[in-house]
Structure formats: C-alpha cells, structure tokens
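These notes are about the structure you will find just below.
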Amino acid sequence: MNCKPILTYSGDVRVFKTLEPHIVAALPSDTAEWKRSYGRPVKNVRVEATFKPFDQNALERYKDGRWNIIDHPVLHIYVTECTDIEAYRASVKEEIDQWLKVLNNYNVTDWMILLIETLDVKKSKNILPRTTVLDKIRLDFASKNGDRCLSVLNPAKFEMKATESFRCLLQRIRHLMLTGYNRTIVKYEELIRTNRENRIQENWSFIDYFVLQEQLAFVLEMLGQYPEALVQYDELDAMFSQFILNSVFGEKQKWLQIFDQPLYAFHGISLNPAKMNETREKIIACNVTLLEFRSYLFERQCMLLDAADKPWEIAERLLPFLFSTLREIEALKLETPQGALACWEFVCALEVLNLCDKVLESKDIYKCSQFSAPIWNLAKEKLYALGKQCGLLPGFVPTSEQLHTVVHLSAGMGDSVPDTVATARNLEPEIGDRTKSGHSPARKPKKSATDTLKEALGSNQAFTKLYLELSELAISTYKHVSRLRSARLVGLDLGNFYITLNEPQKAVNFFTDVLRELKSENWHYLASQTLLDLASCYRKMEDNVNYTKTCSTIACCHDLELLVRTFYFDEFAKSLKTLQTVRNVDINALSVISTLEDHFQVLDVVLDSTSIVQDDYILVTLELASNFPRELTAEQVLLSFEMNAKQAIEPAAGTGTPNAEKEVGSKLPIILHLDYKQDNTLAGSSVACDNRGKQPVRRSSSTRRKISPTQRSDFTNSVSSEPRLVLKPGRNTITLRAKATRVGTWSFRQLSIQVDTVEFLSEALPPKIGNFETITKASVATMNFVNLVAGVEQPVELVISAGSFRFPKDATATVRCSKNLKMRLAATTNGAADGERLPFEKELIVQLAEFAPFEKRTIALEAICDLPGKREERAIEQKVSLQVPWSRNEITIPLHFMPALIASCRLHSSGARKFLQVVLKGVSDYRLVLRDARMTCAAEGVTIIDINPPEQQETVMSKALAISYLYEFQVEALKAETELPIVNVDFRMRFADATVPEECRTYLPYSVTFDVMDYTTLFTICAKVEPQELCRVNSVCHLNLRISKVHDNPYADLMYEVLADQNMWAVVGRTAGVISMEEVESHSITLDVLPLTAGFLPLPNIRLSKYISANKSKNDTHSRLQPFPPGQIYNSTKSMQIHVLASNNNDQPQ
C-alpha cells in the first residue's frame, strides 16, 4: 500500500514546484537518526515524501478524532521568495501569521518556513544589510524555534552554489519529519489504546479496530521498522483468537456475525499485493470470510518477515497458523465442503515452501529446512487425503461423483494469481531484487500452488507423481536436519504407497530403514508390524533368502500372537526346504546369515576355568534362551575366540554397535534444582540433567543399528557343541568344548548357531564374559621367613606353585638342611595330636598328595639353628636344598640367622689375683632362660674358681640386657707365662625360649671358648696426694707416684702420663716423663697438683706405656709408645678418692 508521508506546502507555490522534484528524489538517499519517546531505541531510517497543498479539512478530521495516520500530514511548510524587508512587512508577514494561527488552532506544532533566496551578484559586492528577511522571520515567528526557519538558494538557478544549502535543507526536513512522526505515532497509539479499551461496548467493531492498528503497521513498515510492524499484526492475531475463544464459552460479539459465512471459497495464501489489497477492501467492507481474513493476516506477517530477511520464521509460523485457523472454524461451526480445508492447507503449505526455496544463504537454508521439513510432510498427508477422497489412489478409478468433487474443489480454490513480483516490490525494489530466485535462468519457473494441486487432482498419474515427489522431499529435508525418526516414518508411508503401486522392490528399502530405526529405539511392537510388511514384500518378490530370514524373525517376536508366530515358523521350515532346492541356482542360498539377537538371547557364558593348561580342554557352559515357538534342531553351536581381541573384560570397552538397549534405556542423572531470590526465599523449582561429562548426541545415519551382521569372524579357534542339538523354546543349557592348542590370552568373539543353511551370528556377547588364558607355567618352590634367629625355633613356610606341571598322586619333596640346621613339620601341618611334636631332622620329606596344576600350596615348617659362641652380631649363613618332582636338580635356598645372644670375656686384676668376667648380651626380640653356667680350663696348673652366687630364680635375658658371670683365674707360680702364653677357657651353659611353658621347654647347650693371654702383672702403680696441712681448694698438694716392678720383664724404659680432669685438678709441672726400670725395682715421682673444686675427687689417672726409642730399631726412625695389655699393669689407687675441703677465703674459681 502506498503510504508515503504527506507534507503540505503553502505560500509561493510556483517557486516550491521548482524545488519539489529535487526534494522528493533526494530525501531517501540518506538516513536520519530517529529519536523516539518512552526510552525506545534510536534508529537510523530512510524517509520518503509526498507533497500536497495545505488542506484545512484534514486538520478538522484530526481535531475531531476521525483521522488516520496515513492521511495525516506529518509536516507543514510555508515557502516564500521574498528577499526585501519592506515587501516582507507589507504582505508576507501577515500571510505567515495567518498560516501559523490556523495550525495553532488545531494544535499542530510541526511546521517549517522556507525562504528561497536568489543570489544578486551586483548587490553582493555591496555591504550586507544589518537585518535580513530570514532574521525578521525568526524574530517574529520562531524566537524559540530558530531551526524551523531556513533559507536556501534556488538550485534551479544556482546549481553549483546551492549544493550545500540544499543539503542542509534535506537534513532539516528529515529531522522535522521524524520529529513530527514521533509525536503523531504517540498520539495515534493513544487513539488505538482508547479504541481497544472500548471493546466491551456493544457497538465496538473489531474490523474498525483492525483497520486502525494496521495503519500504524503500514507507517512502521514504510519507515523500515519491520519487527515493530510485525508486533502490530501479532497483537491483532492474538486479540482475534481470544475473541473466538471467548465466543465459545460466553456471549458472541455482534461483529463476529461477519464471519458466519459458509466457506465455499477457500483460496490459499498468496503474497501478491493486488490480491492482498482486494482482500483488505473486503475486510473494510465487512464482506470477508474467516479463511480470507486469516489468510490476509498471515500474508501480511509473511511480507514483513520476508522484508526483515527471516524466511525461516515464516515456515516456523505456518503450522501454528493452520492449526489455530482450523480450531477457529470448528469453534464457529462454519460450513465447509469436504476436502476444502485440505486444499486450503495444501496451497498454504506449498506457497510457503516456494518462498523458502528462494533462500540463497547456506545458514538460512538450514534454518528454513528445520521448519520446512514438517511442512513437506503436511503437504504430502493432505494430498493423500484428497487423493483418497477423489479416488486417485493406485488401483482406483474415479467415479462420476468423485469427478464432481474434483470440479467443486477446483472451483473453490479459484484461479491462480499471476506472478507479479515487480508489482509486489514497487515500494521496496531492493527487497524485490533479493527475493528473485538465484537458480539458473534456464530453469523453468514453478507453477503456483493452486495450479499444482489442480493438476494433481486431474489424473491418477499426476497425483502419483506429485505424491512421490513430496514424499522424497520430506524425507530428504528431515535427513538434512538430522531428524531421522521422522524421515523413517515418512518412508513407511511411502513404502505402503509403493505396495499399492505393486512395486515391492522399492518398498523394501523404506521398510528396512524403518525397521532399523524401530529396533534401535526398542519399539518392539511397531518393529513386529514392519516385519510383517517386509515378509509380504519378499513373498511378492520371490526373494527366498530374505523371506526365510524375515519369517524366522517374525516367529521370534513375542509382541505378536502365538498363532501368527506359529504360522511363520512353519513358513520358515518350508523356506528351508525351498533353499535346499534352489542352492544350485541361487548362490545367495548357499550361506544365509541372520542376526542371532533377534532369535536367541545369550543369558550367560560360564568358563570352567580361566587358566587352562596347554593341551587341556576348554569347557564352556552356555545359557541360551530360544525365542522360537517350537523346538528347533541346530546342526552345531560354535563360540569363536581370538587372541588379543578388541573385546575387553570391562563392559565399558565393548564394541560400538552392541546392546543398544543399554544405550537407550540408561537413566539420566536427574537432580532437583532450586532458584532463590535475593532475600533467600524460594523463587521456583525445577529438574535438571546433571550430565556435563557427555551430552546426548543425536544419532546420525552412520551410527545406525545393523539389521544383519555384515562380517563373520574367524571360527578356526572355537568351542563347539555336540552335533544335531535340539533347542527347546525358552532356556537351554549347552556345553561347549575344545582342546587348547596354543598358549596366550584369549577372548570370546562371536556365537554361531547353524540351522540347516541358515547361520545365526551374534553381534556382541554379554560384556561380563572375561578372558581366559592358555598357559604353560613353570613350577616354583620358595621359602618365606622373617628375621630368623639362631637358637630358637623359627617358623618357615615352604611355598610350592605347581604351575602347569602335573604332579603324581603320591608326589613328595625332600628338604635337606646344612650343618647346624634342622627342620620339622609344624604342629598344624603334621596332623599330630595335641602336645605331640615331631623331632627336628636334617632331612625332611614333605608329602604333596593330590597336587593339582596351577595350585599353590603353603606348608608350615619349623627350623632351628644351633647357636655358636659368637662374640659379634653377625648373621649365620645356612642353606636348604630342595629335591622336587619337576626337576632333577636340587633347588638351593639360602637362610640367614641372627644369633640370639653374644658373649664376651674381660680380664680383671686385684693385686696379684686375676678374675675373668663373661658378659652375655641379648640381641634378638626373644626372651631366653639361662641356666647351668660354668667355666672350665683343660690346661695343667690353671684353676678356675666359680665365685658367682647360687641361682635363686630363673635368669631371663631379653634384648639389650647384659648378664655377667665372674670367675677367679689362678695359675701355678711354677707355670710361668712363657710356658702358658695363651690359656684356653671354655664357658658353657644351657638356654631355652622363655615363652614356652616350663614343662615343654627344651634346653639347648651353648658354649664359647676364650683365649686368656698377658695375664701376669708386670708393674704396679700407687698414687698418693699429700697436702701440706689439709687438702683444700686452690692449695698446692704433692702427688707422689710409685711404680714398682712385680716380675722380671724386658721392658726397661717406661713412660708415665698423668691424665687429670681439668675441671677437678690442675697439674703443676710435667705431666709425662720417661723412666728406666732396668736396674731398680721401683721408681718414685712427685708432682704438684692443685684441686679446683671441693668434694670427694678421684685421683688423676696414671697411664703407663712401653717406650721404644728410635736407636733400638733400624726400622723406627722416631720414638714411639706401645700400650700394655690391661692384665700386665695394676693401678692400686685407680678408684681411690680424696676429700677436698673448701677454701677458707672462698677463693674458688668461678
């Protein structure tokens, strides 16, 4: 509709007529900023204009409220060419004043005064006047709105110099037009709102309101605001629907009687502007049917969406539009011929699809396809319904009555409107260019939707051709948007149509696709019905192989009645015999492969053993459920296994195609989701799917489930059943076996059941089936022990792993111990009565009766190692030799025992008497009881005297505890040290484990030999402190040393050293010196010492050493000291103490 803004002009009309074509042509060339009220966003729009002379009658209608926004002027312009001030004062000023008074009377504020100036070159050289006509006009009429007065050079006379002023004029006109439109739209919206609020009045008419609000939509469309214009139609659509709904449950409005007309004309939608204008005239004249009104409303929405570059939204809105219109017709109970609405829906659908076909952008094509796919399906269904009504389905011939129906329907659809795209886009040429088809120019233009339907209803062949075309388009579009389920359902209808065309070979492909989809989503009953259709197709095609497989599958469908299943089981048996006869003709009949899961169910696969010895038998128990209604004889049941198969033990590592049931039927992690407001009150609750790890992915055709296996695994390695096995309906237990020939890790791959020439192969086995090993493993014998201790019974475990070796029934193992080591069977192993314990033996025979392959047996033993006399904490090395049945060579196992205790001996002197101290120290965690300790010496002239007190109670030794025994050592005087330089003494005792009860203890002997040497005392040392009066702190005392020779010895030169504690004594003078004892028996030395502290102080220690000078030996270049053994020097005052008194003047050092 032509609704360009109207601008009025007054004043010098002749001059304005010279400017009008320039202004009209230049206004749309640039955009202007449109600032709107109520916080609406700012837009950049293009404006056009239509100029008309000033008419006061239009303002009169505006004042009375009978105006419309299309015919209302948006801006009033007064034009004058007066450049002389006197002429302006004489006449022009009064004319402008009268013009503005008229505008003010009608509350019009959108005006503009335009002064056309003619440039006079002669006058321009003179001095410019102080006041111009433009200044006077602004001063007189626009003191506050100076921008509404503008001067411009006449472009007709001064084209080059007037460019800038003319550009300013255009900008001012655009700005004032948009400002005027802003005020006008606000007032018009108030007028619409007032009219809408009066809808409850009796004389209110929706048609008048519709025309009123549509005019606002026209203006918004003209300004390029397509979304806002679309909102106006959406509001009208919603209001009309609400009125229809209210009329069903309440009082019917009077204006609704306009639509109580029979729908004998059911033209579809058409985007032809001429047809839309014609329908709009009918609406204004209140002579319109419901279908026409609804179609016009949707057509206007389509035009706006197309202009806004949203063709996909047209397709999205179509189905709701069709369904809501049908509900309104039903609510108003309008009379419609049979098939009329189907024709209307078909034409509307095809018109929208033709519009979507013109889309060129790939992203827009995908969006359109998402919504156009169901439209193709709707068009197909409506065409099929019309074909059924008119007798156009395959196999039918239209009757005379049906031919009359076709004529009436063709008349009701009307004639197609000629394609006038150029007319449709007169107002918006760029939109027209955009909507032109981008296809090849050689392509024939499409027929209109009305002509297409009329042609299809004209003959059976045309109907069939169009139905097949629509079906294929629906399927391909559904697939393009990944809606496979919908595509399969359309394919099911197409397959049934091909059956009526007696072309089962074409229907098979569609039925197979549907069956694949239904099985993958577990629609078992629907899949069973599809199988019946497939069986019918194969029977007509005389395809024996596929008919046999389909009959077997139908016989196993529990969703069908038993009678139907039994019939197809008999057909399956007959087909098997037929396949035997056609094997020489049809190569496909030699080996027929079918899916095992459709006929049998693998309940469980149980391995007798997961570790199988090479050349032994693999035994598998197969639990199988047969879905056949009767008994079936299987030639053989095979279960293949492969080395390093991809099928893993865990269910998660199964193959990709198996068990679609778990994939579809798995539960989603649904959680409760609560939304709270800022004040922590509950705002709403919902459920959410907490599945961040893996989002659901729509299946594509590449992940579809296979109808039958395409690959048969290698059955070279397989376990098999007995031949000619009878499988009963329900649960069957089958034993499979095969000989294990190769070593390795194996996993089961595929199950095969052969019935005559048909082989049922499994797609996947239950994921819980584990791997098994065929191995040949060496036998191993080891001993387990922890921290062995000598002298105490120690637990030892003999561990024998049989491996793959087959033991004799009476097999034994011999354990041979090294010296000082014995073993026996533990009390828990030998089976002896309580309290009876076997003796320890050097050689032990262990029974290995009934020892199975791969068995691991642990035999408890007890070992005891003799405790030698050890002076150091060193391990005692022992070994055990095993003689085992699987080897001729003995197996040697080292054992390391730590001693339970260690012994040491020290020589002590008391004058001329000698004593031997034996120290026993526990070094293990065991507590030992010691008894019967004694020391003996076999040398003549040596006497050992036991000076230990008699034992009053048990002597118990524990870890880190030392026990000492003391003996006096006497040697006859005649037995000089030269005769007995070394005296061997033998210390003996018995010990037992303290944790064992006393009545069960076994005391073991312990002996150790010590070598006693340098036991003769050669020198004695005697020290004495002699104070001058009393021994006080810081008083000098004399330390007298006396070194005496006891026996003759070769050591003449001796060196003494006084070792005093520096905190107790201060030695004055030399603390060391060399003395000679060659000619004297004793030597005295006096030193001065100073006690430093009070109390009982030990005497300074005196150390005596052998002094070997450098000139006595050629090898010694320097003098050296050699210490005496402890038995040769006796210090009689070594442990003596002296009482030191405190000083009188308290001069103790700090």
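With the numbering used here applied, the sequence shown covers 181 to 1330.
Using N, Cα and C, we set each Cβ at its ideal position, and we do this for glycine too.
Kindly give me the distance between the Cβ atoms of residue i and residue j, rounded to whole angstroms, as I take these residues to be in contact under 8 angstroms.
| i | j | result |
| --- | --- | --- |
| residue 593 | residue 523 | 5 angstroms |
| residue 476 | residue 463 | 7 angstroms |
| residue 1216 | residue 1199 | Between residue 1199 and residue 1216 the Cβ distance is about 28 angstroms, and since that is not below 8 angstroms, they are no contact. |
| residue 646 | residue 819 | Contact flag wrong, Cβ pair sits at about 54 angstroms. |
| residue 327 | residue 363 | At roughly 16 angstroms, the Cβ-Cβ gap does not stay under 8 angstroms, so residue 327 and residue 363 are not in contact. |
| residue 1220 | residue 1264 | 7 angstroms |
| residue 1118 | residue 1160 | About 12 angstroms; that fails the 8 angstroms criterion. |
List the residues that DSSP assigns as beta-bridge partners of residue i.
| i | result |
| --- | --- |
| residue 1257 | For residue 1257, which the question treats as bridged, DSSP gives no partner whatsoever. |
| residue 1085 | 1098 |
| residue 919 | 797 |
| residue 671 | Per DSSP, none; premise fails for residue 671. |
| residue 223 | 214 |
| residue 334 | Residue 334 is not bridged to any residue. |
| residue 869 | 850 |
| residue 813 | 906 |
| residue 964 | 977 |
| residue 864 | 855 |
Is the beta carbon of residue i sitting closer than 7 angstroms to the one on residue j?
| i | j | result |
| --- | --- | --- |
| residue 1176 | residue 1080 | no |
| residue 354 | residue 212 | yes |
| residue 1278 | residue 1317 | yes |
| residue 557 | residue 670 | yes |
| residue 296 | residue 317 | no |
| residue 131 | residue 917 | A query on residue 131 cannot be resolved here, the shown segment of the chain reaching from 181 to 1330 and no further. |
| residue 638 | residue 531 | no |
| residue 958 | residue 983 | yes |
| residue 869 | residue 852 | no |
| residue 491 | residue 528 | no |
| residue 720 | residue 684 | yes |
| residue 188 | residue 223 | no |
| residue 1256 | residue 1232 | yes |
| residue 590 | residue 659 | no |
| residue 906 | residue 800 | no |
Between the alpha carbons of residue i and residue j, how many angstroms are there, rounded?
| i | j | result |
| --- | --- | --- |
| residue 734 | residue 940 | 15 angstroms |
| residue 1089 | residue 1095 | 6 angstroms |
| residue 1136 | residue 1170 | 12 angstroms |
| residue 170 | residue 754 | Look at the range of the chain in this structure, 181 to 1330, and you will see that residue 170 is not part of it. |
| residue 967 | residue 1055 | 10 angstroms |
| residue 975 | residue 1039 | 11 angstroms |
| residue 405 | residue 298 | 40 angstroms |
| residue 1324 | residue 1153 | 53 angstroms |
| residue 203 | residue 426 | 51 angstroms |
| residue 581 | residue 748 | 43 angstroms |
| residue 155 | residue 816 | What the structure shows of the chain is the stretch from 181 to 1330, and residue 155 is not part of that stretch, so it cannot be assessed. |
| residue 727 | residue 709 | 15 angstroms |
| residue 1103 | residue 1131 | 23 angstroms |
| residue 569 | residue 561 | 12 angstroms |
| residue 229 | residue 185 | 5 angstroms |
| residue 1127 | residue 1241 | 35 angstroms |
| residue 290 | residue 408 | 24 angstroms |
| residue 256 | residue 273 | 17 angstroms |
| residue 321 | residue 486 | 47 angstroms |
| residue 1052 | residue 1085 | 12 angstroms |
| residue 1236 | residue 1304 | 12 angstroms |
| residue 617 | residue 544 | Since pLDDT at residue 617 reaches only 43, below the 50 mark, its modelled position is unreliable, and no value is offered. |
| residue 194 | residue 452 | 40 angstroms |
I'd like the ranges of any alpha helix (DSSP H) spanning at least 4 consecutive residues and lying wholly in the segment 485-517.
Those alpha helix (DSSP H) runs which fall completely within the segment 485-517 and span 4+ residues are 491-512.
Can you list, in chain order, the stretches of the alpha helix (DSSP H) that have 4 or more residues and sit fully within the segment 628-659?
If you keep only unbroken alpha helix (DSSP H) runs of at least 4 residues inside the segment 628-659, you get 629-636.
Every unbroken beta strand (DSSP E) within the segment 705-785, with a cutoff of 3 residues, ordered by chain:
The DSSP assignment places complete beta strand (DSSP E) segments of no fewer than 3 residues inside the segment 705-785 at 772-775, in order along the chain.
Quick one: which unbroken beta strand (DSSP E) runs of 3-plus residues sit fully inside the segment 676-705? Chain order, please.
Here no run is fully enclosed.
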